[in-house]
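Asker: Under the working numbering, residue 529 is the last one in the sequence shown; the count climbs by one each step, no gaps. All C-beta atoms, glycine included, are put in the ideal place defined by N, C-alpha and C. Here's a structure for you.
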Amino acid sequence: MTGLLDLPIEVFEQILYRAIQVRGLKRGMRLRLVNKPFSSAVMQAVYTYRMLDGLYEAPRMTNRTPSLALLQQYLAYRVSNEPSDGNERLTSIRRAAMQIVEEDNSHEPDLNSSETCIRLMCSVLVEFSDEPELFDGRNTYIRFRKMFNHEMRFNFDNIVLSAALCMNRFSVLQRVGIKNMEWPRLNDNNVPFPSPKSLAGTYCDERILGLLMTTPEGRVNRQIRGALLHQTSKAGRLAAVQFVYHFRQSDASWEFNKESNNNTINERNVLAMCLNTPNAEVLEFIMNIITTHCVLIENLVDDLSASLRRNAKLGNLEMVRCLLSHGARSEGQHEWHEPYIRNYPIIEACSGGLDNLAVIDLLLKNGASPDVTIAAAASRGHTSLVRELLDRNFSPVQALAGAAKGPYLDIVRLLLDAGVDVNESTGAESPLLSAISLEHTELFKLLVEKGADLQAPGIVDTCISISRRDGLESMLELLGEYGIDVTKSPILPLKEIRSPLEIVKAF
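Okay, structure coming up:
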């Protein structure tokens with residue numbers, strides 16, 4: 023008997039395409055789990071039939087989107103294979119890559135292929151974020167949507183500039199120049215890339231940084247110099263930070279204690295922004311500048327505490343230790359409204375898993391609250407960390423709902439075995455609703471077996487609503503097995519379910 027894998031690849035891809043159309047993208051992508059040939063064929067079907075082009079057509083972000091790696095691979099494939107008379111936004115990326123490679127052959131061969139340039143540009147488009155350690159997909163959503171919005175018209179010269187900055191190509195930048203280091207804002211339509219100063223601070227060498235900080239008349243451009251001090255600090259590039267700071271100081275000394283006007287940059291604010299760095303040596307360098315120049319940073323402790331949150335997320339033990347030594351609060355920034363203390367650093371550290379245990383212990387030693395640790399770890403699927411924290415007798419309060427939304431079945435079992443009340447979260451946060459929406463029959467059965475209340479107000483109606491909305495026949499059948507009349511019309515409207523991180527932040 024002929025199996026699916028024995029069919030001609032074109033026929034198999036068409037079958038997969040139809041299956042994904044019927045099942046929906048989220049469920050269709052699960053077919054990759056069947057085996058390696060299936061995984062390869064599913065991805066080729068996604069490429070061939072351009073199935074992610076309309077991913078961000080919705081007016082706002084969706085809760086579940088493909089991984090960044092998948093989006094990057096998809097976008098690179100589309101850019102490389104788009105017909106010359108096709109989507110001009112895709113072809114403009116390819117043309118820019120080819121122009122960069124043709125104009126500058128001074129680099130080593132493996133950096134000179136247009137395909138390498140395309141992959142790097144697509145990586146920047148998809149993954150580059152002003153706050154990478156707190157990435158929530160917003161930048162990807164906006165940029166990816168631009169690439170397939172037929173009303174968008176990109177400025178080709180700006181795309182070439184972005185490519186040259188990403189590839190660190192001095193000769194191209196020297197030839198074309200940069201007319202405006204401020205473009206674009208994220209919602210500008212003429213270019214899909216981050217701002218030139220962000221790209222320069224991340225990728226460019228000292229020769230290009232010096233070029234950018236010099237006006238056509240040969241003077242120091244104080245605005246760009248300040249921006250690049252900030253961006254190189256944020257990228258954690260110590261040598262680049264030191265170069266920018268010392269750049270032609272005899273011609274234009276820093277004025278950290280001078281009030282700015284509409285035409286000048288506030289260099290004191292620049293220093294405050296430089297505290298947002300992943301590099302302890304950069305932080306010490308900036309703190310030394312603040313001390314040497316007697317600079318008064320009005321919200322220094324809050325700025326340090328904000329950086330603590332970011333570095334705790336990254337598991338950056340050296341930076342966490344350094345920030346705490348300079349006065350950062352282990353509980354994080356103090357908010358202007360209740361709850362005033364959100365415990366973001368310890369939450370972010372726990373969301374990184376057992377690899378962050380040293381950071382977690384350091385924060386706890388310095389006064390961070392242990393009450394949110396298990397919920398944070400459970401919501402991100404870190405079974406080993408949850409087990410470690412349970413062994414320490416930490417409270418698993420409100421952890422079950424986040425684990426169910428994963429769905430992280432092992433963690434759900436761990437929590438229930440540890441005595442967590444299966445009905446501690448009700449209404450829109452009920453784990454039963456997560457099991458239904460994720461079409462996870464085993465999780466649903468486990469919850470009911472452990473005493474989850476199907477008759478709690480609104481649960482049955484919402485389960486039926488979710489199953490009907492998403493075409494989850496298997497879940498409607500399962501509900502029927504538990505005596506639920508799935509033919510009746512739901513009484514209650516479907517409520518939006520919060521993300522696991524929002525549950526944790528509610529403490």
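(1) In whole angstroms, what separates the C-alpha of Tyr267 from that of Asp325?
(2) Going by DSSP, which residues form a beta bridge with Thr236?
(3) Kindly indicate the opening and closing residues of the alpha helix (DSSP H) around Arg331.
(4) Going by DSSP, what residue range makes up the alpha helix (DSSP H) through Val434?
(5) What span of residues does the alpha helix (DSSP H) with Thr299 cover, start to end?
(6) Does the structure place the segment 293-310 close enough to the segment 244-263 that three or more beta carbon pairs sit under 8 Å?
(7) Quick one: is Ser272 buried, meaning 16 or more other Cβ sit within 10 Å of its Cβ, or exposed?
(8) Starting from the N-terminal side, write out each stretch of the alpha helix (DSSP H) that is 4 residues or longer and does not extend beyond the segment 352-393.
(9) In terms of alpha-carbon separation, which member of His315, Pro238, Gln94 and Glu306 lies closest to Trp276?
(10) Near Ile89, which residues of its chain fall below 6 Å by C-beta distance, leaving aside the five closest residues on each side in sequence?
(11) Quick one: grab the DSSP three-state call for Gly76.
(12) Do Leu498 and Ser18 count as a contact pair if the criterion is CB distance below 7 Å?
(13) Report the rounded CA-to-CA distance for Ala440 versus Val508, giving the unit in angstroms.
(14) Can you check which of these residues, Gly493, Glu495 and Val482, is closest to Gly505 by C-alpha distance?
(15) Indicate whether Leu250 and Val304 have their beta-carbon atoms separated by less than 7 Å.
(16) Just verifying my parser: in three-state terms, what is the DSSP assignment at Ser459?
(17) Taking the alpha carbon of Asp492 as the point to measure from, which residue in Arg141, Thr162 and Gly50 has its own alpha carbon closest?
(18) Is Phe466 helix, strand or coil when you go by DSSP?
(19) Is it buried or exposed for Ala478, if we count other Cβ within 10 angstroms and need 16 for buried?
(20) Whose C-beta lies closer than 6 Å to the C-beta of Lys280 among residues of the same chain, with five residues either side of it excluded?
(21) Is it true that the CB of Glu370 sits closer than 7 Å to the CB of Ile363?
(22) Report yes if the CB atom of Leu469 is closer than 7 Å to the CB atom of Leu454, and no otherwise.
(23) Counting C-beta neighbours from all protein chains within 10 Å, is the total for Ala67 16 or more, i.e. buried, or is it exposed?
(24) In whole angstroms, give me the CA-to-CA distance for Leu147 and Asp413.
(25) Touching or not, the segment 376-394 and the segment 426-442, by the rule of three or more beta carbon pairs under 8 Å?
(26) If contacts are defined as beta-carbon pairs under 8 Å, then Pro300 and Asn338 qualify, I think. What distance do you get, rounded to the angstrom?
(27) How would you call Gly349, buried or exposed, if buried means at least 16 neighbouring beta carbons within 10 angstroms?
(28) Got a sec, what are the start and stop residues for the alpha helix (DSSP H) Thr70 sits in?
(29) Looking at Met174: is its Cβ nearer than 7 Å to the Cβ of Arg100?
(30) Near Asn209, which residues of its chain fall below 8 Å by C-beta distance, leaving aside the five closest residues on each side in sequence?
(31) In angstroms, rounded to a whole number, what distance separates the CA positions of Ser417 and Asn310?
(32) Is the beta carbon of Leu322 closer than 7 Å to that of Pro367?
(33) Go through its chain and collect everything with a Cβ distance to Ser186's Cβ below 7 Å, but skip five positions before and after it.
(34) If you compare alpha carbons, which of Thr484, Ile140 and His172 is closest to Met189?
(35) Output the boundary residues of the alpha helix (DSSP H) element that contains Cys139.
(36) Using beta-carbon positions only, say whether Phe178 and Ser217 come within less than 7 Å of one another.
Answerer: In terms of the structure at hand:
(1) If you draw a straight line from the Cα of Tyr267 to the Cα of Asp325, it comes to about 20 Å.
(2) In the DSSP assignment, Thr236 forms a beta bridge with Val242.
(3) Leu322 to Leu336
(4) Element bounds for Val434: Leu431 to Asp439.
(5) Per DSSP, Thr299 lies in no alpha helix (DSSP H) and is assigned neither H nor E.
(6) yes
(7) exposed
(8) 366-372 and 379-387
(9) Across the set His315, Pro238, Gln94 and Glu306, the C-alpha of His315 shows the shortest separation from the C-alpha of Trp276.
(10) At residue 89 the sequence reads Ser, which differs from the Ile that was named. Taken in chain order, the list of residues that qualify is empty.
(11) Of the three classes helix, strand and coil, the one that applies to Gly76 here is coil, per DSSP.
(12) Since the displayed the chain opens at 23 and closes at 529, residue 18 lies outside it and no answer follows.
(13) 34 Å
(14) Taking only the C-alpha atoms, the option nearest Gly505 is Val482.
(15) no
(16) helix
(17) Gly50
(18) helix
(19) exposed
(20) none
(21) In this structure, Ile363 sits away from Glu370, with a CB-CB distance that is not shorter than 7 Å.
(22) The Cβ-Cβ distance between Leu469 and Leu454 falls below 7 Å.
(23) Answer is buried; the Cβ neighbour count reaches 16.
(24) 43 Å
(25) no
(26) Confirmed, about 6 Å.
(27) Gly349 comes out exposed.
(28) Lys58 to Thr70
(29) No; because the gap between Cβ atoms is not below 7 Å, this pair is not in contact.
(30) Annotation note: pLDDT 44 at Asn209 (below 50); position unreliable, coordinate value reported separately. For Asn209, the CB contacts under 8 Å within the same chain, skipping 5 residues up- and downstream, are Ile164 in chain order.
(31) 41 Å
(32) no
(33) Note that residue 186 is Ala in the sequence shown here, rather than Ser. For Ala186, where only same-chain residues beyond five positions count, the Cβ hits under 7 Å are Ile122, Val194 and Leu195.
(34) Ile140
(35) Ser136 to Glu149
(36) In this structure, Ser217 does not lie closer than 7 Å to Phe178 by Cβ.
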